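Residue numbers (this note's numbering): 3 to 323. All C-beta atoms, glycine included, are put in the ideal place defined by N, C-alpha and C. Remember, predicted model here, so these are calculated numbers, not experimental data. First up is the structure itself, then whatever we jot down about it.
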Ligand code: DGY
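Below, the structure is given as structure tokens:
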């Protein structure tokens with residue numbers, strides 16, 4: 003029997019994923035589930051043929067330059083690949099793959115949760131009841147912003163953006179989107195296309211970000227663009243923290259220009275932005291958009307499918323380099 007490829011799994015993936023991986027590969031698993039620094043990535047590259055990392059493992063250009071030639075494929079357990087310098091890894095002849103499609107529904111669910119929670123003051127309400135401080139009721143109490151019938155802007159109408167749009171339509175929202183190219187009517191489903199973010203923003207009572215973090219989109223939601231949103235608008239980010247200028251967002255919350263925000267992603271992760279914590283109208287979650295049992299299995303299986311194809315000598319379905 004030919005020797006099985008040696009695979010490093012640096013994070014604690016789902017049980018089903020680990021079971022299948024161990025059946026088909028000679029696995030080295032980081033059961034401690036700790037994050038790996040650059041030196042660890044470089045050291046492990048000399049010991050394995052493949053790695054199945056998450057977005058927490060940073061394969062920068064500097065790391066790419068130091069990787070051992072033994073490592074042939076980075077099969078990511080994520081759709082986002084901003085933690086990988088694709089150009090540098092491609093130049094080293096390393097295959098990089100991701101896991102699109104399978105996490106779109108779970109991420110769209112979290113975007114809805116954040117939008118609704120931010121709009122209806124979930125943090126304030128929950129804190130009040132939980133701390134035994136709910137001692138009054140009045141019709142003017144805890145009044146929020148209605149989602150039904152409002153306009154929602156979506157930046158990035160890829161798979162996750164469209165899954166979110168479908169849910170927003172279920173709430174009777176009018177969907178606007180900014181995307182490089184206009185979608186076909188079947189995909190657009192009545193959504194209104196804007197050929198620029200600047201044209202979309204004045205229409206966005208709610209704004210949900212669904213584009214990747216790239217050098218072009220870093221700091222996309224800066225002070226100037228936040229100012230283009232209607233007063234009292236709400237920003238939702240389930241994509242990447244790098245898309246938002248957090249100082250500008252905080253200023254927009256403090257001034258009241260934005261009435262609330264719902265964030266699953268931050269510039270610093272893990273940890274988030276401690277300055278946000280003083281503001282109960284910022285509803286925050288710890289990057290859990292894709293964290294459901296079925297989606298974690300699907301992500302692991304998609305990454306393993308990519309590995310299997312690669313070691314059969316085929317180009318993986320989700321090849322990026
Ligand atoms: C992704 O897949 O990019 C999610 O953010 C989880 O890593």
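- Message: Shorter than 8 Å, the distance from the beta carbon of residue 151 to the closest heavy atom of ligand 1, or not?
- Response: Numbered from its first residue, the chain shown carries residue 151 at position 149. Every heavy atom of ligand 1 is 8 Å or more from the Cβ of residue 151, so no.
- Give the DSSP-derived three-state secondary structure of residue 170 in the structure shown. On the chain shown, residue 170 is found 168 positions in, with the first residue counted as 1. In the structure shown, residue 170 adopts helical secondary structure according to DSSP, grouped into three states.
- Ordered along the chain, which non-local residues of its own chain (more than five positions away) have a Cβ less than 7 Å from that of residue 233? The residue given as residue 233 occupies position 231 in the chain shown. Closer than 7 Å at Cβ, skipping near neighbours: 259.
- Item | Span separating the alpha-carbon of residue 265 from that of residue 116 | The residue you call residue 265 lines up with position 263 of the chain shown. The residue you call residue 116 lines up with position 114 of the chain shown. Their backbone Cα atoms lie some 7 Å apart in a straight line.
- Determine, using beta carbons only, whether residue 44 and residue 9 come nearer to each other than 9 Å. Here residue 44 is taken as the residue at index 42 of the chain shown, counted from 1. Here residue 9 is taken as the residue at index 7 of the chain shown, counted from 1. Against a cut-off of 9 Å, the Cβ pair of residue 9 and residue 44 comes out as no contact.
- Those residues which DSSP pairs with residue 262 across a bridge: As a first step, residue 262 is located in the chain shown; it is residue number 260 there, counting from the start. In the DSSP output, where bridge partners are listed per residue, residue 262 has 236.
- Would you report the Cα separation of residue 153 and residue 249, rounded to the nearest angstrom? Translated into the one-based positions of the chain shown, residue 153 becomes position 151. Translated into the one-based positions of the chain shown, residue 249 becomes position 247. Rounded to whole angstroms, residue 153 to residue 249 spans 25 Å at the Cα level.
- Option in 82, 235, 53 with minimal Cα separation from residue 105: Sequence index remark: in the chain shown, residue 105 carries index 103 (1-based). Closest option to residue 105, judged by alpha-carbon separation, among 82, 235, 53: 82.
- Task: Specify which residues have a beta carbon nearer than 6 Å to any heavy atom of ligand 1, listing them in chain order.
- Result: 56, 57, 80, 81, 82, 105, 291, 292
- Query: How big is the Cα-Cα spacing for residue 284 and residue 298?
  - Reply: Working through the chain shown from its first residue, we reach residue 284 at position 282. Working through the chain shown from its first residue, we reach residue 298 at position 296. About 27 Å.
- Query: Whole-angstrom Cβ separation of residue 290 and residue 212, contact assumed at under 8 Å?
  - Reply: As a first step, residue 290 is located in the chain shown; it is residue number 288 there, counting from the start. As a first step, residue 212 is located in the chain shown; it is residue number 210 there, counting from the start. About 16 Å; that fails the 8 Å criterion.
- Would you check if the distance between the CB atom of residue 65 and the CB atom of residue 78 is smaller than 9 Å? Taking the chain shown and counting its residues from 1, the one referred to as residue 65 is at position 63. Taking the chain shown and counting its residues from 1, the one referred to as residue 78 is at position 76. No, the Cβ-Cβ distance between residue 65 and residue 78 is not below 9 Å.
- Query: Which runs of the beta strand (DSSP E) spanning at least 3 residues fall entirely within the stretch 12-49, listed in chain order?
  - Reply: Counting only runs of 3+ residues, the beta strand (DSSP E) found wholly inside the stretch 12-49 occupies 28-31, in chain order.
- Item | Whether residue 227 touches residue 199 by CB criterion (9 Å) | Counting from one through the chain shown, the residue named residue 227 turns up at place 225. Counting from one through the chain shown, the residue named residue 199 turns up at place 197. Yes, the Cβ-Cβ distance between residue 227 and residue 199 is below 9 Å.
- State whether the stretch 269-284 contacts the stretch 238-253, with contact taken as three or more CB pairs (one from each stretch) at a distance under 8 Å. yes
- Under the three-state reduction of DSSP, which class applies to residue 99: helix, strand or coil? Here residue 99 refers to the residue found at position 97 when the chain shown is read from its first residue. It is a strand residue.
- Message: Taking 8 Å as the cut-off, is the C-beta of residue 34 nearer than that to any heavy atom in ligand 3?
- Response: You won't find ligand 3 in this model; what it holds is ligand 1.
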